[in-house]
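Chemist:
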Amino acid sequence: MMARSRKRKRSASVHDEASTHNPHLKKDSGGLSTNPRVQHPVLSQYYPQVQNLRDYIITQLPSSSRIRRRKVSAIGIVSKSPGTPLSDVERSLGTLLDTTLIGVSKPATEEDHHRMDGWKNFSQRGDDSHVTLSNGIAGFVESQALIVEYVVRTLFNREKSAKWPDHLLCDGFRRNGGLGLRAVRPNPYVETLQQSPWPQLLALLGESGDRIMIEMLLNCAIFVAIDVGTNNVCQISGRLFQYIEVFDGHSCFQETSVVKTSLELVFVRNRMFYAKPALNARGQVQFGLRHIHVLNRSPFQQLEEGGSYETRARLIRQNDIHTLKVMMYMFPRQFGLHNVFTSKVDPKETSQRLKDYTLREEEIYGKFGRLGDNPVHLKTPKRLRGRAKDLVRRLQVLHQRCSYSQLLRHYCPPYVPNGRDKVPKQVRKSKNRAGKKATQSQKLIQLPGRSQESSITELATSSAEVSSFCQAVFKKVIPQGFWGSGSVAAHNELRFLRKVDRFISLRRFESMTLNDLTHEMRITDIEWLAAPQLMANKTSLTDIQKRQELMNEFLYYLFDSILIPLVRSNFYVTESNTDKYRIFFFRHDIWRSLVEPVMTSFKGKMLEEVSLVDAKKILESRRLGFSHIRLLPKGPQMRPITNLRRRVPNRGNPKQLGPGINKVVNPDKMGSTMFSVSDIYKRIKPFKASMSIGSTHFYFAKVDVRSAFDTIPQASIVSLLDSIPQQRRYRISKYLEVGPSAATQGYSHNSKSKLIKRWPSVAIKNDDPSTFIQRLENTRNAAKRNTVFVDLYQQRYETSELLQLIASHIQQNLVKVGKKFYRQKQGIPQGSILSSTLCNYFYADLEIHVLSFLDSDDCLLLRLIDDFLLITIDKNKAIRFVEVLHKGVPEYGVTVNSQKSLVNFDLTVDGQQVSRLGDNKPFPYCGTLIDTKTLDISRSSNQDQDKAVHNSLTVEFSQTPGQTFQRKVLNAFKIQSHLMFFDTGLNSSSTMLNNIHRAFVETATKMWAYARCLPAPKRPPPAIIIKTIGKLIDTAYLLLVSRTRQLRYPGYVCDVKKCEVSWLAYNAFHVVLGRKQSKYGEVLAWLKAESVKLSLLKDIRHGRVQTIV
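In my numbering, the protein residues as written are 163 to 1271.
(1) So, for Met492: in the same chain, excluding its five sequence neighbours on each side, which residues have a beta-carbon less than 6 Å away from its beta-carbon?
(2) My guess is that Tyr1003 and Leu882 are in contact by the Cβ rule of under 8 Å, so how many angstroms apart are they, rounded?
(3) Can the beta-carbon of Trp690 be found closer than 8 Å to that of Gly648?
(4) Note the first and the last residue of the continuous alpha helix (DSSP H) segment covering Gln957.
(5) For Gly1274, which residues does DSSP report across the bridge?
(6) Just to confirm, is the Cβ distance from Gly256 to Gly280 under 8 Å?
(7) Which of the three DSSP states, helix, strand or coil, is assigned to Ile388?
(8) Given a threshold of 16 other Cβ atoms within 10 Å of its Cβ, counted over all protein chains shown, does Tyr405 qualify as buried or as exposed?
(9) Would you say Ile666 lies against chain C (beta-carbon separation less than 8 Å)?
(10) Tell me which residues share the same chain as Ser1120 and place their Cβ nearer than 7 Å to its Cβ, disregarding the 5 neighbours each side in the sequence.
(11) In the DSSP assignment, what residue or residues form a beta bridge with Glu899?
(12) Per the contact definition of three or more C-beta pairs closer than 8 Å, is the segment 869–881 in contact with the segment 989–999?
(13) Between the Cα of Val839 and those of Ser1014, Lys765, Gln1138 and Leu560, spot the shortest distance and give me the residue it belongs to.
(14) With H, G and I counted as helix, E and B as strand and the rest as coil, what does DSSP make of Lys982?
(15) Can you name, in chain order, every residue of its own chain whose Cβ lies under 8 Å from the Cβ of Ser1063, other than the five neighbours on each side?
(16) Ile406 lies in the beta strand (DSSP E); which residues open and close that run?
(17) Count the other CB atoms, across all protein chains shown, that sit within 10 Å of the CB of Ser195; report buried if there are 16 or more and exposed otherwise.
(18) By a C-beta neighbour count over all protein chains shown, 10 Å radius and 16 as the cutoff for buried, is Ser1257 buried or exposed?
(19) Would you tell me roughly how many angstroms separate the C-alpha atoms of Leu355 and Phe335, rounded to the nearest one?
(20) Helix, strand or coil for Glu1274? Go by DSSP, reduced to three states.
(21) Tell me the DSSP bridge mates of Leu1091?
(22) Kindly give me the distance between the Cβ atoms of Leu676 and Leu427, rounded to whole angstroms, as I take these residues to be in contact under 8 Å.
(23) If you follow the beta strand (DSSP E) that Ile791 is part of, which residue opens it and which one closes it?
(24) Going by DSSP in three states, Tyr743 sits in which element: helix, strand or coil?
(25) Can you grab the Cα-Cα spacing for the pair Met489 / Leu557, in whole Å?
(26) Quick check on this structure: which residue in Ser1152, Phe636 and Leu1201 has the alpha carbon closest to the alpha carbon of Arg1266?
(27) With Leu1141 and Arg1205 assumed to form a contact (beta carbons below 8 Å), what rounded beta-carbon distance in angstroms separates them?
(28) Rank Leu1024, Lys919 and Lys896 by C-alpha distance to the C-alpha of Pro902 and give the top, closest one.
(29) Rank Glu770, Arg749, Lys896 and Leu364 by C-alpha distance to the C-alpha of Ile926 and give the top, closest one.
(30) Considering only their Cβ atoms, is the gap separating Asp678 from Ser629 smaller than 8 Å?
(31) In the DSSP assignment, what residue or residues form a beta bridge with Tyr734?
(32) Please state whether DSSP places Arg890 in a helix, a strand or coil.
(33) Among the candidates Leu1194, Lys1180 and Cys1175, whose CA atom is the shortest distance from the CA of Gln1128?
(34) Kindly indicate which three-state DSSP category Thr294 falls into: helix, strand or coil?
(35) Could you compute how far the alpha carbon of Asp372 sits from the alpha carbon of Lys1219?
(36) Tell me which residue opens and which closes the beta strand (DSSP E) that Ala622 is part of.
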């Protein structure tokens, strides 16, 4: 009994101690771990099973290898001999086993078992369980290298086509004809898997090691932990992460097509924006659907009573073909055509998430041939015969009868800004019939004169009017039978028209899913959805699913192929520079009248026309394409925006899209960074520390450069770029970064987090020996959490090649306006990913050669792109600074907008008084307010707070409104929690507390506005609001005093107590909701009760927060 007791105790001590270090291990009847899983927020969405390496190996070892399994469980945790420390090998193996994650997506198959026969041709070994980790390892180093080589060869052999296997271990290898493989460049991950501690791991596994290692490398993905941030990993083996689809409950390797649900289908609302008008032969805007729309290309022709039999038969046949073609557009899934439900989107054909189905002619011809010429009769799907076909034919007729221009004139008449009166009809409609010789005044609406202060957006049509127009079109065009009959039809049509109204009124980045459209639709009583022989029968599950399938296709067509094209063809939809996410609808004729004079002036100043032949030569000689230009309303003026992100068709294959200019010209290739508002904190804090606050008088001077991007001399900036690179060659490393969005981190652990993918590029020296993982382990990734990194590729560039590319980008920037090409002859491309970086380089050179007198300890010069701010204790330097820039610097193209200059002292330049800040007022700069005496920083507030908040929202109409509401509220505070507002090493306690209170006030205002935008059934009840405010207080306090923030920014300190944060939050929410008391009585009562409780505390009753509010 004593011996058995000691034996059980000794066995338990080893395993129990291992279990203590790894508490997630589950035990089988023998006390061994079985199939535990790791919940990684990213990997768990791509792999059905994620385990750490230790658990994976234990599950792969034979059940009879109990001793081996115990060794693996204890290695790196428990020493072989009690009382002796772990060896370096044991410690490294333990770290590898516990921190390495394995993504398992494909179970072992018979092919995998037979593959071991092939491996035996490389090496044959028996049970090496007697081998220790300290001796006999040389053979395993060689064996591990052979295993990796065998895996790479197997991956290439498994790829039946000549395509390169999308596996990380195959990078750098290519097929060498029939002579095996050749290495074109080193593969760092192959080298990693051949080095310690992987051979030691192979030795630990014994006779099963070869099989386990081969199956793991072939069928699994391996992710090693990186020593930066929290729970971040880097892929070192497996199928490239970018090619793996999100796991949806089925095997990632199943060949079955997955049907997208209505929740997954989001309408591509972006297609409404920035559309060009369709012009008739006179050059006037043509309203209605475009001529290429299927309803215009496939009309239904009425039969004439007096026609011959052959003519009538031909028309009948032609009408049947046209109706059939319209049905193919409406119900592509039923005809086996490409559709949004079952088909995959080719990213080479479109940059949108879903394909544009405006033109299907080539697809239809490729699948069915020319309709009518095919001797084989094309059968209409059973569900689309009879009633459905009649309704489609009726739709064709109603479309031809619909007067789109009259409906537009009635519901969306043009307005003038003064009094919102209608433009006279004789102005809106030209009676000249001179055709193409019509003058410009006849092609454009004669807009009455506007005051210089009136905004261009006053000429926009309201979203309510646009919605009324679209609803009227649907009432005219869509036959009533599509919605059903009687009360069912009235119900469905009303629900549909309400969704149309909501779709039109959405903000810039809001969206709508197909599920939102189909919700509350009654489909069981719609006749055309049912098979004729089943109308009298009780509906079955499969019948309901088929009806829903047809209804989903019909509704998607109405929105995607009628509503969006209808808006595009009648309105120019755009945002403005002053209203954030609010969108504006301009009738195309109104927009043309506004834009053409501005474009004429812009082309005269900034552009010069290039012949089509010269433009083709330039485009064929370089990788860069051309850009497009659009105008953005900015108060009473227009701001030109060049779109360099837009992908253009490939030369030689116009059906496939190539990269945009910003994809080819990337500032990371120069190793450059951009400045942001956050740099104010880094610059002003040490400057304040070097000054004696209180006895020092600070002089502030702010100057804004007029049209900075458009005035930089091209030759000067190209000449300056030659002196910037420090190396003759660079390597550009591109990698993939996948992680939960900041909006979803920390919420609902049981639900999937929204993932964000990024493809950063980093420029490194050509002779830099560091590995990808070593480059990741820097401070730039210190804030990353639960992120997966994947090294994609590296390219080498000559510095001269990069400089030539950038010079071509600057001096030969081609802009396409209409059908003509222009070259930008002045300034740098606005909208380029390089513009801000080039401007920073250029103005930094100006500071060296023109403003060098400011290079002293008594001056702090801040510049965000073209906004200069000088803080100094020397008044003469402040005066000289303003005088130099107001005079202008022609060699740098600098002219100053004197109306935007601002100082805090009296100053006259060239007889003109410079605007002066009032006494005891904070100095405004880039959205912040800087105290002119103490240099405290606070956040500037918007005068029209309610309007600004409403225009800045992006409402999500999700299936989990409570979770989404809470996430939105927390994020509203997070985006305001910049440390420069809360650092008590920079700001006084009163300033810090005021900033916290302002942040809570703005958060409360956004919360109220967001809840108001939700439909009544989805608005949060008082319990959810109370819970959200409590969660907000906890999150805010953690953000303010976060140790992570203190480690990332040494010297940061926020001297605030939890009770103070709570009291400020309660007060802020009470102030905001108290002005909007409707439906918030219970919340206000709770806020008041909590405030009373806190008031009993000494830190609140007699504390510093009492002076804040």
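We put the CB at the ideal spot given by N, CA and C, even for glycine. Note that this is a predicted model, so its numbers are computed, not measured.
Modeler: Put simply:
(1) Its chain contains Tyr719 as the residues whose beta carbon lies nearer than 6 Å to that of Met492, once the 5 sequence neighbours on both sides are disregarded; these appear in chain order.
(2) Sure, about 6 Å apart at Cβ, within 8 Å.
(3) No. Outside cutoff.
(4) In the DSSP annotation of this structure, Gln957 is not part of any alpha helix (DSSP H); the continuous beta strand (DSSP E) holding it starts and ends at Val950 to Glu960.
(5) Given a span of 163 to 1271 for the chain in the structure shown, any question on residue 1274 remains unanswerable.
(6) Contact flag unset, no.
(7) Reduced to three states, the DSSP call for Ile388 is coil.
(8) Within 10 angstroms of the beta-carbon of Tyr405 lie fewer than 16 other beta-carbons, which makes it exposed.
(9) No chain C appears in this structure, which consists of one protein chain only.
(10) So the list reads Thr1126, once near-sequence residues are dropped.
(11) Answer is Arg920 and Phe951.
(12) With the cut-off at 8 Å, the segment 989–999 and the segment 869–881 touch.
(13) Val839 has its Cα closest to that of Gln1138, out of Ser1014, Lys765, Gln1138 and Leu560.
(14) Residue state, collapsed to three classes: strand.
(15) Excluding sequence neighbours, Ser1063 sits near Ala863, Lys864, Val865, Asp866, Val1044, His1048, Val1076 and Ser1077.
(16) Segment: none, Ile406 is in no beta strand (DSSP E) and carries neither H nor E.
(17) Caution is warranted here: a pLDDT of 44 is assigned to Ser195, below 50, making its placement in the model unreliable, and the coordinate value is therefore given only provisionally. With 16 or more other Cβ atoms within 10 Å, it is buried.
(18) With fewer than 16 Cβ atoms within 10 Å of its Cβ, Ser1257 is classed as exposed.
(19) Note on geometry: alpha-carbon atoms of Leu355 and Phe335 lie some 16 Å from one another.
(20) Within the shown structure, residues of the chain are numbered from 163 to 1271, placing residue 1274 beyond reach of any answer.
(21) DSSP lists Pro1086 and Ser1100 as the bridge partner or partners of Leu1091.
(22) About 4 Å separates the beta carbon of Leu676 from that of Leu427, a gap short enough to meet the 8 Å contact definition.
(23) Looking at the DSSP string, the run of the beta strand (DSSP E) that includes Ile791 is Ser789 to Lys796.
(24) Coil at Tyr743, not helix or strand.
(25) Roughly 11 Å between the two C-alpha positions.
(26) Distance check between Arg1266 and each of Ser1152, Phe636 and Leu1201 places Ser1152 closest, using alpha-carbon atoms only.
(27) Here Leu1141 is actually not in contact with Arg1205; their C-beta atoms are around 13 Å apart, not less than 8 Å.
(28) Comparing Cα positions, the closest option is Lys919.
(29) Comparing Cα positions, the closest option is Lys896.
(30) Result no, Cβ atoms of Ser629 and Asp678 do not sit closer than 8 Å.
(31) Answer is Phe748, bridged to Tyr734.
(32) DSSP places Arg890 in coil when its eight states are reduced to three.
(33) Comparing C-alpha distances from Gln1128 to each of Leu1194, Lys1180 and Cys1175 shows the shortest one belongs to Leu1194.
(34) Summary for Thr294: the model assigns pLDDT 48, below 50, so the residue's position carries little reliability; its value from the coordinates is reported in the next sentence. In this structure, Thr294 counts as coil in the three-state DSSP scheme.
(35) Rounded to the nearest angstrom, the two C-alpha atoms are 58 Å apart.
(36) First-last for Ala622: undefined, no H or E at that position.
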